[in-house]
Structures are given as structure tokens and as C-alpha cells.
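Line order of the protein sequences matches chains P and R. Taking the working numbering as reference, the numbering of the first sequence is continuous, increasing by one, and the terminal residue is 324. Taking the working numbering as reference, the numbering of the second sequence is continuous, increasing by one, and the terminal residue is 80. Beta carbons are placed, not taken as given, at the ideal position from N, Cα and C, and that holds for glycine. See below for the structure under consideration.
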Amino acid sequence: MRHRLSDLELLALRDEGDGREPLDHGVVAASDSLTDLVPRHRELVVSLVYLIETPPSVTIDAAIVRSEVPHPERLRSCNPGGWHPREWIELLDGSLGPWTMVVDDRRVLSICHTPCPLTARAAEAGVWTAPDVRGRGYATAATVEWAAMLRPSGRQLFYATRPDNHSSQRVAQRLNARWLGWAWEVAAAAAKRAGNVHPLSRAREDDEPLIERLGRGDGARWRSIRLRALEEAPHAFGTTFAEASTWPPERWEAQVLEFATFIAVVEGRDVGVA
Amino acid sequence: MWVDPAARRRRIAAQLVETVATWARQSGASALVLDVVEDNAPAIALYDRAGFVRFDGDAMGKRAPGELRFVRALAMMPE
């Protein structure tokens, strides 16, 4: 998890920016010697930090939805990947902070969300765009809309990117964002982090369900959870425990191959099925 | 669809629904259709929260007596 950009941390910026796009990344080389000072299991994360001041108006050929107005329920099935299923639900219901999305009639093209908890004085934008539609201004449009949504709150609006993310830096340019400088952070090493869990997510590592699709060889597993379900909720399904418990293993195996069956696993135990 | 009573109230069912919806969309489906026994209030509440709406009639196959049908469109924008 990256730390929020509070005003204090901004004071800790190593170099003062002059408002222009950095021309080279020589300063990053200095991080090699700093790496020796970083404790084990931690890593040095370097970002370019920008302030969104006067974003341009942008016209794109797709629609924009924002978190503060009711959005189509159908967005729920449009997780573009990279979001844990629970996080995606929480993002859509606003639990993870304000967001905007560029959408077409089929899918989400770009997302601008708020990857760190809002503070009273600051908000930071996080932007993602589907790889096949980059360069069309969607990320810029999503971020302009996000900024317009948060502007009335009076917060400082930040945009940060990694030095090697050139497309993200082009978005900063298009936003007319002012380069403030470099942020240096000591963060938990990537391998120690539980995936890309949003800091506001209620998700916890220990009780996080893993959802997997059953496949060849999973007939017995399907039988086991199905019989538990039929026993626990005898009237909820189109068959009965007494009937299903007589089926031979081949029948369960055939069902697993014929139908898409998803199992929720918590702490190594199958606890749900769809 | 079933969740172990000991594991309920942890959004597991909602995640299963979204997993199915994502799989169905990627498989080219335009809608999810389900039947649920009419006195299963917790399940109906779940489907309601997950964006399903009541769909009366037998247009997509005959319903069993005592069951309600729900549908949820998977295309993002209305036609």
C-alpha cells in the first residue's frame, strides 16, 4: 500500500519541482545507493508527484459515469480485471472513495479512482485504462471528471506516477498538472503485500474467500458441497438429498464438466457454490 | 447457489454472483436468469442487491410452481 500524500509528506519531497515535466530520470539512479538503507522486506518506491490545478476540458467519444450519481447496476459485471471481486463491489458502492469511469456499451474503458483514503485537505487520483484503447484521452477525461467532482471540496488534488510509466506521465501533461517533485517512500515489499488490496477495503487476508471454478476431477468435491447444501436447505433446490445421494460418481463428474460451477474457499474449506 | 451458514454475512454469495456474471459476460451471454423459491427471503434480497429484477412469465422456459424468476442484463448500457 502506498502512503497517502499528506501535506507533511509533501514537505519531505526530495527535490523541489519547477512545474515542468522532468526531462530525465537521473535522480532515480540515486535510489540505488539509498536501497542499502532500506530494511529487509521493505522497498523504496519512487513516484513523480503532480498537482492538478487547471485541468482542460476534454471531449471523448464515450460516456462518463461518476460515483456520486446512480450508476448502472450492470457495471457490477464489468470488472475489467485487477480488482478483487469484493473490492469491485465496494468500489461501485462508494466504500473505496470517489471514482469516475469511461464506459462504452460493453465495458469499462478507463477508471479514475481514489487509491488512498481522502484526507481533509488532499485527494490523490489513481488511473487505469484498458490497454487496447490507450492514447484516446480516456484517462485524461476520467481524471478531469474526477477533479471536477472533488474540486468543490477545496482539497488539493494530486496525481502520482512511477518514473517508468510514460503513458501515465503523458496523462499528467494533458491534465496541465504541475510537477511538484519526487516522492520517496519506504513501502512493504511487493511480495509481502496481499495482492493489490485497496487500503479502504474491508478485505482481510485470513478470511478472504478464494473463488475457483471446478473442473475435471472435481466431481467428488461438487458432490460434497451439493449434498451439504441439499441437507441444510432441503426446499431451496430442484432435487433432494435422498435422491442426489444415490447418484454415481460419474454423474457428478459429468455435471462439473457440463456446467460452470464456482466454489468459494475460505481457509482451505469449500463454503459456497454457484 | 448456496453458502455454508457458518460463512454467511461475509459477502461470499455476492462475490459468487459477480464471478458468475463476469464469466457469463465473457462467454457472450447478454443476461443472467435464475429461479428462486418464493419464500427464500434472504436469497431474494441478495439477488435484489446484486441488480436482478423480477421477471414474470415463462418466456425463458417454464418456471416450477412456487418459484420466482429474476433476470439481470449483462450488457452495460440499455439497448
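Neighbours of P135/P in chain R, taken as residues whose beta carbon is under 7 Å from its own, are Q16, E19 and T20 in chain order. Taking C-beta atoms under 8 Å as the contact rule, V152/P and I110/P qualify, at a distance of about 7 Å. With the rule of 3 Cβ pairs closer than 8 Å, the region 132 to 139 of chain P does not count as touching the region 92 to 107 of chain P. Pairing A22/R with L168/P, the inter-Cα distance amounts to about 31 Å. As the crow flies, the alpha-carbon of D155/P is around 11 Å from that of C128/P. Against chain P, the CB of D5/R has a partner CB under 8 Å away; the residue lies at that interface. Using beta-carbon distances, A270/P does not count as an interface residue toward chain R, since no partner is under 8 Å.
With respect to chain R, the C-beta atom of G288/P has a partner C-beta closer than 8 Å. At a cut-off of 8 Å, the C-beta of P202/P has no neighbouring C-beta in chain R. By the criterion of at least three beta-carbon pairs nearer than 8 Å, the region 111 to 121 of chain P is not in contact with the region 46 to 56 of chain R. Within the same chain, P148, A173 and L207 come within 7 Å of L200/P by CB-CB distance, once the 5 residues on both sides are set aside. The C-beta distance from V37/R to L69/R rounds to 6 Å, short enough to meet the 8 Å contact threshold. Residues of chain P with a Cβ closer than 8 Å to the Cβ of M61/R do not exist; the shortest Cβ-Cβ separation is about 16 Å. In this structure, DSSP gives W232/P an extended state, which the three-state scheme calls strand.
Listed along the chain, the chain R residues whose CB falls inside 8 Å of the CB of W138/P are E19.
In the assembly as shown, H285/P is an exposed residue. Its beta-carbon has fewer than 16 other beta-carbons within 10 Å.
Taking 8 Å as the cut-off, the Cβ atoms of M2/R and A283/P do not count as close. By the 16-neighbour rule on beta-carbons within 10 angstroms, R301/P is exposed. In the three-state reduction of the DSSP assignment, A42/R falls in the helix class.
Beta-bridge partners of H163/P (DSSP): G176/P. Look at L69/R: its C-beta is not under 8 Å from any C-beta on chain P.
Counting C-beta pairs closer than 8 Å gives three or more between the region 255 to 274 of chain P and the region 5 to 17 of chain R, which meets the contact rule.
Between T211/P and S97/P, the CB-CB gap stays under 8 Å. Under the 8 Å criterion on CB atoms, F309/P is classed as non-interfacial with respect to chain R.
Secondary structure of R186/P (DSSP, three-state): coil. With respect to the C-alpha of F291/P, the residue from C162/P, E317/P and I275/P having the closest C-alpha is I275/P. Around the C-beta of E293/P, fewer than 16 other C-beta atoms lie within 10 Å, and the residue is accordingly described as exposed. Under the 10 Å beta carbon count, S160/P is surrounded by 16 or more other beta carbons and is classified as buried. About 11 Å separates the Cβ atoms of A113/P and Y188/P, ruling out a contact at the 8 Å cut-off. Of the candidates P165/P, W232/P, H163/P and A310/P, W232/P places its Cα closest to the Cα of L94/P.
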